[in-house]
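Residue numbering for the sequence shown is 315 to 507, as defined by the working numbering.
We treat Cβ as the ideally placed atom computed from N, Cα and C, and that holds for glycine.
Keep in mind the model is a prediction, meaning the values are calculated, not measured.
These notes concern the structure reproduced below.
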Amino acid sequence: MKPRIAAAVIGASAGGIDALLALFDALPAPWRLPMVAVLHLPDVRDSRLCDIFAQRLTLPVREAADKAPVAAGTLHFAPPGYHLSIERDRHFSLSCEPPVLFSRPSIDVLMASAADAYGPALAGFLLTGANEDGAAGLAAIHAAGGLTAVQDPREALVGTMPRAALAAHRPDAVLALRELRDLLVQLDADHAP
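If you want it as structure tokens, here you go:
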């Protein structure tokens, strides 16, 4: 029997803001599952990403900070210009290592580190995007026994990223955003104590 999901990591690029807003639309309260997202953005230090999502969501939205814990019931975003990792003690780590697939933050870096920290208790979602970042990370989650879900590339604004994930491994689910949202809601319900 698989352990219940303890955290979800989500990656997106081109078209990602709208996709993430649809994924997180009207999540039920109280929300318990910690979520960590990487969205490819220009390398600017004063991102308004958290403000945009905090205005539209009922759950807390924070930019992940170095050494801060992964908080339950919270949506954490990777800050621009840094790779975001999750350590085995389930705290965040930021680094300025070179970009991966032209991206920093990198979806692959987040997902691979989260797979190491959570093992089979992790869910990974990969959405719309214009490069292959996230395919290897999602495969690492799969190899660790976690749940993997990909946005249907036919529905994605840019299908390159979902197609790369499908080429790298066979995910547990390939779904439209509305169905991915339903899956996320079910994972939160299963996460409840």
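The alpha-carbon separation between P317 and H505 amounts to approximately 10 Å. In the DSSP assignment, V352 falls within the beta strand (DSSP E) that extends over M349 to L353.
The C-beta distance from A444 to V464 rounds to 15 Å, too long to meet the 8 Å contact threshold.
Between the alpha carbons of L415 and D447 lies a gap of roughly 6 Å. Judged by DSSP secondary structure, L436 falls within the beta strand (DSSP E) whose first and last residues are L436 to L440. Contact check for A437 against L461 passes: the beta carbons are separated by less than 7 Å. The continuous beta strand (DSSP E) containing G325 extends over residues A321 to A326. Judged by DSSP in its simplified three-state form, S361 adopts coil rather than helix or strand. L355 is the residue among D339, L341 and L355 whose C-alpha sits nearest the C-alpha of G325.
In this model, P412 and T474 are separated by some 22 Å (Cα to Cα). Per DSSP, A463 is one residue of the beta strand (DSSP E) stretching across L461 to Q465.
If you compare the alpha carbons of P374, D360 and A328 with that of F338, the shortest gap goes to P374.
Spatial neighbours of R495 in its own chain (CB-CB distance under 6 Å, excluding positions within 5 residues in sequence) are listed in chain order as L337.
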